[in-house]
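For the record, the sequence lines run as chains A and B. Mapping of the first sequence onto the numbering used here: position 37 corresponds to residue 37, and the numbering continues sequentially without gaps. Mapping of the second sequence onto the numbering used here: position 38 corresponds to residue 38, and the numbering continues sequentially without gaps. Where is the CB? At the ideal position from N, CA and C, for every residue including glycine. A short worksheet on the structure shown next.
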Amino acid sequence: AQSVAQPEDQVNVAEGNPLTVKCTYSVSGNPYLFWYVQYPNRGLQFLLKYITGDNLVKGSYGFEAEFNKSQTSFHLKKPSALVSDSALYFCAVRDGAYGGSQGNLIFGKGTKLSVKP
Amino acid sequence: DTAVSQTPKYLVTQMGNDKSIKCEQNLGHDTMYWYKQDSKKFLKIMFSYNNKELIINETVPNRFSPKSPDKAHLNLHINSLELGDSAVYFCASSPADRGFYEQYFGPGTRLTVT
Numbered sequence: 001a002q003s004v005a006q007p008e009d010q011v012n013v014a015e016g017n018p019l020t021v022k023c024t025y026s027v028s029g030n031p032y033l034f035w036y037v038q039y040p041n042r043g044l045q046f047l048l049k050y051i052t053g054d055n056l057v058k059g060s061y062g063f064e065a066e067f068n069k070s071q072t073s074f075h076l077k078k079p080s081a082l083v084s085d086s087a088l089y090f091c092a093v094r095d096g097a098y099g100g101s102q103g104n105l106i107f108g109k110g111t112k113l114s115v116k117p
Numbered sequence: 001d002t003a004v005s006q007t008p009k010y011l012v013t014q015m016g017n018d019k020s021i022k023c024e025q026n027l028g029h030d031t032m033y034w035y036k037q038d039s040k041k042f043l044k045i046m047f048s049y050n051n052k053e054l055i056i057n058e059t060v061p062n063r064f065s066p067k068s069p070d071k072a073h074l075n076l077h078i079n080s081l082e083l084g085d086s087a088v089y090f091c092a093s094s095p096a097d098r099g100f101y102e103q104y105f106g107p108g109t110r111l112t113v114t
C-alpha cells in the first residue's frame, strides 16, 4: 500500500533563511510525487511535481524539491523564505505503475510552515 | 474566471437533514474528485469520476452520493447528515485519470452539522 509521511507538524523559519519541509513516501512502483500548499480558508494549490527525469524539480514561488530514490524522500526547499510563504504544505504520492491509472493520490498530514519577520 | 468553483462556501445544517454541494470546473478536464478534510487537516479522497463515470469510491457511507450530469460538474449529495460529517469538502479536477497530472482544487465547502 502506498503512503506518505511528513514527520514535522510545524516548521519555523526566519524570513530570509532557507527552508526545508520533509516528506518520505512508500509505493510499490515508481512514485509520482507532488507538493501542494494551502493558505488559510483556501483550497490546495499545486506547487510542483516529480514524475521522471531530473531529481531536482522547480516549481511555483521559488520552491524546489529533490527526489531521492534511495532515501524515498521528496523534501521541499526554498533558498530564502518569505513571510508570505507561511501556510500548510502537503506532500502527496501516487503509484506510477500502469501510468498512474490505478490507486489514489495519497496526502501526507501536512506541515505548517511559519515564517517570522 | 475561477477554474474550479464550489457552492456553497459555507453550509450549516442540523442532523438528519439532506444537503448538496455543487462543483463546476471550466478547465475542460475529464476527471473530477471529491475530498474530505477533517478538523486535523487530514485530506482523504472520497470519489473520483472520469468522463461522468465513477472510477473511485473509497470507503464512504452510502449516505454520500455523487452525481455527474456532465464532465464539467460533479455534485455531492449527503443524506441524513451526522455530526461526524462536519468537515471541509474539496472538489478537484485533472485533465485525465493519469497519476502524473496535478489536480486543481476548488475553494472548499465548510459543512457544519449541529
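{"Check": "Proximity winner among B:L83, B:L43 and B:N50, relative to S68 (chain B) (alpha-carbon distances)", "Outcome": "B:N50"}
{"Check": "Collapsed DSSP secondary structure at K60 (chain B) in the structure displayed", "Outcome": "Note that residue 60 (chain B) is Val in the sequence shown here, rather than Lys. V60 (chain B): coil per DSSP, three-state reduction."}
{"Check": "Pairwise C-alpha distance: N57 (chain B) and P117 (chain A)", "Outcome": "44 Å"}
{"Check": "Cβ-Cβ distance between D18 (chain B) and N62 (chain B) below 8 Å", "Outcome": "no"}
{"Check": "Proximity below 8 Å, CB of C23 (chain A) to CB of S73 (chain A)", "Outcome": "yes"}
{"Check": "CB contact flag (Q10 (chain A), V27 (chain A), <8 Å)", "Outcome": "no"}
{"Check": "Neighbourhood of I51 (chain A) by C-beta, 6 Å cutoff - its chain only, sequence neighbours within 5 removed", "Outcome": "Y32"}
{"Check": "Cβ neighbour criterion (16 or more within 10 Å) applied to A65 (chain A)", "Outcome": "buried"}
{"Check": "Inter-stretch contact (C-beta, 8 Å, three-pair minimum) for the segment 4 to 24 of chain B and the segment 103 to 114 of chain A", "Outcome": "no"}
{"Check": "Among B:E102, B:K36 and B:S48, nearest to R110 (chain B) - alpha-carbon criterion", "Outcome": "B:K36"}
{"Check": "Uninterrupted alpha helix (DSSP H) stretches inside the segment 36 to 69 of chain A (no shorter than 4 residues)", "Outcome": "none"}
{"Check": "Candidates A:L44, A:F46 and A:L82: closest to T20 (chain A) by CA position", "Outcome": "A:L82"}
{"Check": "Beta-bridge pairing of F90 (chain A) - partner residues as DSSP gives them", "Outcome": "A:Y36"}
{"Check": "Whole-angstrom distance between G99 (chain B) and A3 (chain B), CA atom to CA atom", "Outcome": "20 Å"}
{"Check": "Interface partners of E102 (chain B) on chain A, CB under 7 Å", "Outcome": "F34, F46 and K49"}
{"Check": "CB contact check: L113 (chain A) to chain B, cutoff 8 Å", "Outcome": "no"}
{"Check": "Bridge partners - F100 (chain B), DSSP secondary structure assignment", "Outcome": "Its beta-bridge partners do not exist; DSSP assigns none."}
{"Check": "Given S5 (chain B) as reference, the closest of A:S86, A:G43, A:K49 and A:K109 once Cα atoms are compared", "Outcome": "A:G43"}
{"Check": "The segment 73 to 90 of chain B / the segment 16 to 33 of chain B touching (three or more Cβ pairs under 8 Å)", "Outcome": "yes"}
{"Check": "Rounded straight-line distance, which links the Cα of Q38 (chain A) to that of V13 (chain A)", "Outcome": "18 Å"}
{"Check": "Beta-carbon gap between W35 (chain A) and L76 (chain A) smaller than 8 Å", "Outcome": "yes"}
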